[in-house]
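Visitor: Counting in my numbering, the sequence shown runs from 47 upward without gaps.
Just passing along the structure, written as structure tokens.
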Amino acid sequence: MRSYFISMASIFVAAVSLLTCQSNTASRDAIDQRVDELLAKMTLEEKIGQMNQYNGFWDVTGPAPNEEQARKKYDHFKQGLVGSVLNVRGTAQVRKLQELVVKESRLGIPLIFGQDVIHGQETITPIPLAEAASWDLAAIEKSAQVAAAEAAAIGLNWTFAPMIDISRDPRWGRVMEGAGEDPYLGAKVAVARVKGFQGNDLSAPNTIAACAKHFAGYGFSEAGRDYNAVDIGTYTLHNVVLPPFKAAVDADVKTVMNSFNVLNGVPATGNKYLQRDILKGRWKFNGLIVSDWASIFEMIPHGHARDLKQAAELAIHAGNDMDMESYAYVQHLKSLVEEGKVSEEQVNDAVRRILRLKFELGLFDDPYRYCDSVREKSVLMQPDHLTAALDVARKSIVLLKNDRGFLPLNKAQKNIAVIGALAADKNSPLGNWRAGADENSAVSVLEGLQKYTLAIRYAKGADVVVGKPEFIRETAVNETDSSGFREAVALARQSDVVIMVLGEDGFLSGEGRSRTNLNLPGVQERLLKAVHRVNKNIILVLMNGRPLTINWANANIPAIVEAWQLGTRSGDAIAQVLFGDYNPSGKLPMTFPKSVGQIPLYYNHFNTGRPDPTGLVFWSHYIDETNEPLYPFGYGLSYSEFTYSDLKIDTTDRQAINVSCTVTNTGRVAGEEVAQLYIRDRVSSLVRPVKELKGFQKFTLEPGASQNVQFVLTDAELGFYDADGQWLVEPGEFDVMIGTSSVKGLVGRFSR
Ligand code: BGC
Numbered sequence: 047m048r049s050y051f052i053s054m055a056s057i058f059v060a061a062v063s064l065l066t067c068q069s070n071t072a073s074r075d076a077i078d079q080r081v082d083e084l085l086a087k088m089t090l091e092e093k094i095g096q097m098n099q100y101n102g103f104w105d106v107t108g109p110a111p112n113e114e115q116a117r118k119k120y121d122h123f124k125q126g127l128v129g130s131v132l133n134v135r136g137t138a139q140v141r142k143l144q145e146l147v148v149k150e151s152r153l154g155i156p157l158i159f160g161q162d163v164i165h166g167q168e169t170i171t172p173i174p175l176a177e178a179a180s181w182d183l184a185a186i187e188k189s190a191q192v193a194a195a196e197a198a199a200i201g202l203n204w205t206f207a208p209m210i211d212i213s214r215d216p217r218w219g220r221v222m223e224g225a226g227e228d229p230y231l232g233a234k235v236a237v238a239r240v241k242g243f244q245g246n247d248l249s250a251p252n253t254i255a256a257c258a259k260h261f262a263g264y265g266f267s268e269a270g271r272d273y274n275a276v277d278i279g280t281y282t283l284h285n286v287v288l289p290p291f292k293a294a295v296d297a298d299v300k301t302v303m304n305s306f307n308v309l310n311g312v313p314a315t316g317n318k319y320l321q322r323d324i325l326k327g328r329w330k331f332n333g334l335i336v337s338d339w340a341s342i343f344e345m346i347p348h349g350h351a352r353d354l355k356q357a358a359e360l361a362i363h364a365g366n367d368m369d370m371e372s373y374a375y376v377q378h379l380k381s382l383v384e385e386g387k388v389s390e391e392q393v394n395d396a397v398r399r400i401l402r403l404k405f406e407l408g409l410f411d412d413p414y415r416y417c418d419s420v421r422e423k424s425v426l427m428q429p430d431h432l433t434a435a436l437d438v439a440r441k442s443i444v445l446l447k448n449d450r451g452f453l454p455l456n457k458a459q460k461n462i463a464v465i466g467a468l469a470a471d472k473n474s475p476l477g478n479w480r481a482g483a484d485e486n487s488a489v490s491v492l493e494g495l496q497k498y499t500l501a502i503r504y505a506k507g508a509d510v511v512v513g514k515p516e517f518i519r520e521t522a523v524n525e526t527d528s529s530g531f532r533e534a535v536a537l538a539r540q541s542d543v544v545i546m547v548l549g550e551d552g553f554l555s556g557e558g559r560s561r562t563n564l565n566l567p568g569v570q571e572r573l574l575k576a577v578h579r580v581n582k583n584i585i586l587v588l589m590n591g592r593p594l595t596i597n598w599a600n601a602n603i604p605a606i607v608e609a610w611q612l613g614t615r616s617g618d619a620i621a622q623v624l625f626g627d628y629n630p631s632g633k634l635p636m637t638f639p640k641s642v643g644q645i646p647l648y649y650n651h652f653n654t655g656r657p658d659p660t661g662l663v664f665w666s667h668y669i670d671e672t673n674e675p676l677y678p679f680g681y682g683l684s685y686s687e688f689t690y691s692d693l694k695i696d697t698t699d700r701q702a703i704n705v706s707c708t709v710t711n712t713g714r715v716a717g718e719e720v721a722q723l724y725i726r727d728r729v730s731s732l733v734r735p736v737k738e739l740k741g742f743q744k745f746t747l748e749p750g751a752s753q754n755v756q757f758v759l760t761d762a763e764l765g766f767y768d769a770d771g772q773w774l775v776e777p778g779e780f781d782v783m784i785g786t787s788s789v790k791g792l793v794g795r796f797s798r
């Protein structure tokens with residue numbers, strides 16, 4: 047009977063998916079037909095106009111246009127010479143501009159409105175690096191869903207997210223925007239975010255088009271300096287950089303943004319290999335590629351194009367469909383076509399991609415569908431958005447150290463000192479790329495703690511950052527002022543427990559915010575030491591947008607909590623963790639180095655020919671630091687203890703190797719664990735990393751409870767790309783590990 051129901055159910059599911067698939071294809075065909083009909087009516091100029099994207103007239107996220115350019119831009123909207131606009135938001139503003147174009151231009155083709163909705167629109171969720179630390183794909187997807195709903199409610203239909211650049215360099219400020227150093231985790235997170243933004247129906251009022259960026263290699267900017275050259279081999283490109291993009295394309299991401307960097311001598315924006323050959327060729331991506339801000343123009347200073355006209359020519363040949371703020375296509379494409387340097391078919395192909403998206407978004411059915419001012423008010427900061435923001439914020443926190451169960455704090459704890467400017471800061475927890483969030487709209491740590499107890503006294507101790515973000519280089523960091531130390535130390539002396547909230551200002555990471563030091567900025571470490579001299583019972587709460595080198599703190603402070611920049615509900619999430627109402631479950635998505643000199647430091651490195659200490663000097667190491675990180679990838683503690691046992695490897699089916707073990711909560715409280723599976727291909731035609739994440743599962747266990755964790759390894763996990771991007775699967779021996787981090791687990795070996 048049961049099997050009858052199962053088979054009926056599966057027939058039903060199959061029938062539904064067949065029907066969905068057929069109707070998807072039908073609607074795709076219908077859209078393609080409408081696109082072609084419209085295209086046939088368009089002049090060459092109008093087509094080129096669709097490929098032109100302008101910034102609005104206020105928020106500027108790149109070099110600003112001059113006055114004359116701004117005037118010209120306005121006319122271009124009326125002439126139908128703009129296809130999309132960024133940084134115009136709010137139903138009233140969007141409607142105004144949409145009306146201008148729809149009513150005044152000849153064909154009235156609606157604009158797409160884009161913006162960097164990176165981790166929330168008004169309700170801000172954790173910075174993406176933090177969210178990746180949750181390893182909770184459902185929570186990450188939900189967070190993107192919230193962002194999409196709010197963005198759509200204020201008139202937007204396109205976010206320039208997710209950023210899925212893998213990076214091994216925490217000096218690079220943009221690591222805060224990505225999912226860290228690992229391509230496997232990066233790919234899973236990329237898919238979750240794309241699904242969250244786009245949902246199942248792009249024309250729904252609460253979904254928007256996503257944009258996988260930056261294609262490609264941007265996370266490998268030399269020395270972590272933003273916009274710097276990238277020089278990685280194609281072996282690394284295919285195995286490390288591209289997998290999250292491939293996953294996003296397979297998940298039907300609608301758009302891709304190229305990048306500022308040079309890759310092997312060719313700027314990504316003019317890089318045919320990346321865009322035409324791989325993305326649109328091998329991967330059959332049929333969405334649109336947008337340039338990064340003025341990145342077509344930037345091929346001139348790169349030394350790749352002699353002038354803007356040649357830059358436009360190189361960009362379109364390479365596959366770049368839309369020009370963000372370079373004015374290159376709108377000024378030069380027409381003459382390039384007339385001169386026969388660019389074919390009209392190339393233009394048509396780009397325009398088809400752009401129009402298709404507009405149809406999918408439902409903009410032709412109703413250009414104002416995202417401009418409902420009543421909806422706008424009701425959707426922003428809805429209670430369930432705030433709940434989702436709290437949920438993912440708690441899950442993003444990583445417990446780095448907890449000597450002798452120092453944490454959680456007893457709720458009856460009296461006499462708590464809270465020290466550090468970031469503890470009272472309602473702005474920094476919003477992080478960089480905070481879209482439409484109101485200034486100072488986050489719950490501060492202090493406010494979060496005060497909901498638990500009023501037995502708290504606060505002293506700032508020292509400023510973290512003075513001045514506005516735009517002056518960050520000149521005046522940002524308080525390097526010297528220790529005038530607040532005395533008060534903080536006096537308070538610590540009288541207190542039983544000290545919570546110190548230290549780290550980076552919210553604008554110290556993000557675009558253009560590269561650092562050469564990864565210490566606690568300014569005088570904060572001195573403050574920490576001064577407090578420590580009078581009171582050792584310190585809980586250090588870190589608030590930061592990237593891994594930091596906190597060796598002294600790690601050696602001396604009993605409890606350390608990595609709280610990143612957690613968004614609107616930051617202080618609530620942190621307080622719940624500190625008081626044990628939420629048991630921390632995050633795991634680092636990026637290695638924390640001991641020193642900047644170790645960078646790039648990442649867990650999935652090659653072994654080298656001299657990996658082991660020989661007693662002599664001639665092995666791969668430093669003479670002034672170990673090779674080990676401060677905290678490895680995948681690391682994170684819990685208030686519970688998880689014990690791994692009983693590793694089993696079943697190779698009966700060589701195409702689906704089964705690896706399993708038992709995880710038991712041997713602690714005293716319930717908790718969530720992320721069981722991680724790593725492999726090592728011991729010998730192969732191209733050397734493989736010492737460890738590669740190939741699976742993970744997050745689950746909750748009550749005290750004393752066990753869970754059987756199973757992973758299946760197929761060709762998809764055991765193969766790799768060669769330097770030309772061809773997929774290889776080789777027989778041989780593999781090490782396998784299942785554990786609680788990239789350095790601790792049960793190990794086994796199998797051949798196949
Ligand atoms: C960034 C992109 C962003 C664009 C638009 C650029 O400077 O690199 O990630 O989407 O600006 O704001």
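For each residue, glycine too, the CB sits at the ideal point set by N, CA and C.
#1: Indicate the three-state DSSP secondary structure (helix, strand or coil) for residue 544 in the structure shown.
#2: Could you work out which residue in 210, 262, 204, 258 is closest to residue 250 when comparing CA atoms only?
#3: Can residue 764 be considered in contact with the ligand BGC, in the sense that its beta carbon sits closer than 7 Å to one or more heavy atoms?
#4: With a Cβ-Cβ cutoff of 8 Å, do residue 788 and residue 690 count as a contact?
#5: If we require 3 or more residues per run, which beta strand (DSSP E) segments fall completely within the stretch 447 to 475?
#6: So, residue 248 versus residue 416, is the Cβ gap smaller than 8 Å?
#7: Between which two residues does the beta strand (DSSP E) holding residue 662 run?
#8: In this structure, how does DSSP classify residue 88 when only helix, strand and coil are distinguished?
#9: Counting along the chain, where does the alpha helix (DSSP H) carrying residue 363 start and finish?
#10: Based on the DSSP output, what are the partners of residue 779 in its beta bridges?
#11: For residue 101, list the residues DSSP reports as bridge partners.
#12: If you follow the alpha helix (DSSP H) that residue 496 is in, where does it begin and where does it stop?
#13: Considering only heavy atoms of the ligand BGC, does any lie closer than 7 Å to the CB of residue 345?
#14: Enumerate in chain order the residues of its own chain whose CB-to-CB distance from residue 514 is below 7 Å, with the five nearest sequence positions on each side excluded.
#15: How many angstroms separate the CA atom of residue 812 from the CA atom of residue 88?
#16: Residue 144 and residue 157 look like a contact to me (Cβ under 8 Å); what is the Cβ gap, rounded to whole Å?
#17: When you compare only the Cα positions, how much space is there between residue 618 and residue 601?
#18: Measuring only the C-alpha atoms, how far is residue 793 from residue 233?
#19: Closest to residue 126 by C-alpha separation, out of 142, 91, 116, would be which residue?
#20: List the endpoints of the continuous alpha helix (DSSP H) containing residue 579.
#21: Closer than 7 Å: is that where the CB of residue 206 sits relative to any heavy atom of the ligand BGC?
#22: Can you give, in chain order, each stretch of the alpha helix (DSSP H) that sits fully within the stretch 603 to 632 and has at least 4 residues?
#23: Throw me the rounded Cβ distance for the residue 350 and residue 295 pair, which I believe falls under 8 Å.
#24: Whole-angstrom Cβ separation of residue 173 and residue 655, contact assumed at under 8 Å?
#25: Would residue 778 and residue 728 be called neighbours here (beta carbons separated by less than 8 Å)?
#26: Classify residue 520 as helix, strand or coil using the three-state DSSP reduction.
#27: Return helix, strand or coil for residue 753, following the three-state DSSP convention.
#28: Cβ of residue 367 versus every heavy atom of the ligand BGC: is any distance shorter than 7 Å?
#29: Tell me the DSSP secondary structure of residue 260 in three-state form.
#30: What are the residues that DSSP puts in a beta bridge with residue 308?
#31: By how many angstroms is the C-alpha of residue 281 removed from the C-alpha of residue 576?
#32: Are there 16 or more other CB atoms within 10 angstroms of the CB of residue 701, so buried, or fewer, so exposed?
#33: Using the three-state DSSP reduction, which class does residue 114 fall into: helix, strand or coil?
#34: If we ignore side chains and look at the alpha-carbon of each, how far apart do residue 588 and residue 338 end up?
#35: For residue 688, which of helix, strand or coil comes out of DSSP?
#36: Leaving aside the five residues before and after residue 167 along the sequence, list all residues of the same chain whose C-beta is less than 6 Å from its C-beta, in chain order.
Guide: Put simply:
#1: Here residue 544 refers to the residue found at position 498 when the sequence shown is read from its first residue. Residue 544 falls in the strand class under three-state DSSP.
#2: Working through the sequence shown from its first residue, we reach residue 250 at position 204. It is 204 whose Cα lies nearest to the Cα of residue 250.
#3: Here the question's residue 764 lines up with position 718 in the sequence shown. No, the ligand BGC has no heavy atom inside 7 Å of this Cβ.
#4: By 1-based counting over the sequence shown, the position of residue 788 is 742. By 1-based counting over the sequence shown, the position of residue 690 is 644. No, they are not a contact pair.
#5: You should have 462 to 465.
#6: Within the sequence shown, residue 248 is the residue found at index 202, counting from 1. Within the sequence shown, residue 416 is the residue found at index 370, counting from 1. Result no, Cβ atoms of residue 248 and residue 416 do not sit closer than 8 Å.
#7: Looking up residue 662 in the sequence shown gives position 616. Per DSSP, residue 662 belongs to no beta strand (DSSP E) and is neither H nor E.
#8: Taking the sequence shown and counting its residues from 1, one reaches residue 88 at position 42. Note: residue 88 maps to coil in three-state DSSP.
#9: The count along the sequence shown starts at 1 and reaches residue 363 at position 317. Taken as a continuous stretch (DSSP letters only), the alpha helix (DSSP H) holding residue 363 covers 354 to 364.
#10: Within the sequence shown, the letter at position 733 stands for residue 779. Its beta-bridge partners are 797.
#11: For the purposes of this step, residue 101 is taken as residue 55 along the sequence shown, with counting starting at 1. Answer by DSSP bridge pairing, in chain order: 132.
#12: Taking the sequence shown and counting its residues from 1, one reaches residue 496 at position 450. Residues 491 to 496.
#13: Residue numbering aside, residue 345 sits at position 299 when the sequence shown is read from its first letter. Answer for residue 345: no, Cβ out of range of the ligand BGC.
#14: Working through the sequence shown from its first residue, we reach residue 514 at position 468. Annotation note: pLDDT 43 at residue 514 (below 50); position unreliable, no value reported.
#15: Here the chain has residues from 47 to 798 only, and residue 812 is not among them.
#16: Counting from one through the sequence shown, the residue named residue 144 turns up at place 98. Counting from one through the sequence shown, the residue named residue 157 turns up at place 111. Rounded, the Cβ-Cβ distance is 6 Å, consistent with contact.
#17: Looking up residue 618 in the sequence shown gives position 572. Looking up residue 601 in the sequence shown gives position 555. Straight-line Cα distance between these residues: approximately 28 Å.
#18: The sequence position of residue 793 within the sequence shown is 747, counting from 1. The sequence position of residue 233 within the sequence shown is 187, counting from 1. Each residue's Cα considered, the two are about 25 Å apart.
#19: Position 80 of the sequence shown, counted from the start, is the residue given in the question as residue 126. The shortest Cα separation from residue 126 among 142, 91, 116 belongs to 91.
#20: Position 533 of the sequence shown, counted from the start, is the residue given in the question as residue 579. Here the alpha helix (DSSP H) through residue 579 covers 570 to 580.
#21: As a first step, residue 206 is located in the sequence shown; it is residue number 160 there, counting from the start. For the ligand BGC, at least one heavy atom lies less than 7 Å from the Cβ of residue 206.
#22: Complete alpha helix (DSSP H) runs here, min 4: 616 to 624.
#23: Position 304 of the sequence shown, counting from 1, holds the residue named residue 350. Position 249 of the sequence shown, counting from 1, holds the residue named residue 295. The Cβ separation is near 26 Å, so there is no contact.
#24: On the sequence shown, residue 173 is found 127 positions in, with the first residue counted as 1. On the sequence shown, residue 655 is found 609 positions in, with the first residue counted as 1. 39 Å between Cβ atoms; not a contact.
#25: As a working note, residue 778 is residue 732 in the sequence shown. As a working note, residue 728 is residue 682 in the sequence shown. Cβ distance < 8 Å, so residue 778 and residue 728 count as in contact.
#26: By 1-based counting over the sequence shown, the position of residue 520 is 474. Since pLDDT at residue 520 reaches only 44, below the 50 mark, its modelled position is unreliable, and no value is offered.
#27: For the purposes of this step, residue 753 is identified with residue 707 of the sequence shown, where counting begins at 1. Strand at residue 753.
#28: Within the sequence shown, residue 367 is the residue found at index 321, counting from 1. No, since every heavy atom of the ligand BGC falls outside the 7 Å radius drawn around the Cβ of residue 367.
#29: In the sequence shown, residue 260 corresponds to position 214, counting from 1. Residue 260: strand per DSSP, three-state reduction.
#30: Residue numbering aside, residue 308 sits at position 262 when the sequence shown is read from its first letter. Its beta-bridge partners are 313.
#31: By one-based count along the sequence shown, residue 576 stands at place 530. By one-based count along the sequence shown, residue 281 stands at place 235. Approximately 48 Å between the Cα atoms of the pair.
#32: Here residue 701 corresponds to residue number 655 of the sequence shown, with the count starting at 1. By the neighbour-count rule (16 or more Cβ atoms within 10 Å), residue 701 is not buried but exposed.
#33: As a first step, residue 114 must be located in the sequence shown, where it is residue number 68. DSSP places residue 114 in helix when its eight states are reduced to three.
#34: Locating residue 588 in the sequence shown gives position 542, where the first residue counts as 1. Locating residue 338 in the sequence shown gives position 292, where the first residue counts as 1. Per the coordinates, the alpha-carbon of residue 588 lies some 32 Å from the alpha-carbon of residue 338.
#35: For the purposes of this step, residue 688 is taken as the residue at position 642 of the sequence shown. Looking at residue 688 - three-state DSSP - the assignment turns out to be strand.
#36: Walking along the sequence shown from the start, residue 167 turns up at place 121. Around residue 167: 193, 196, 197, 481, 482.
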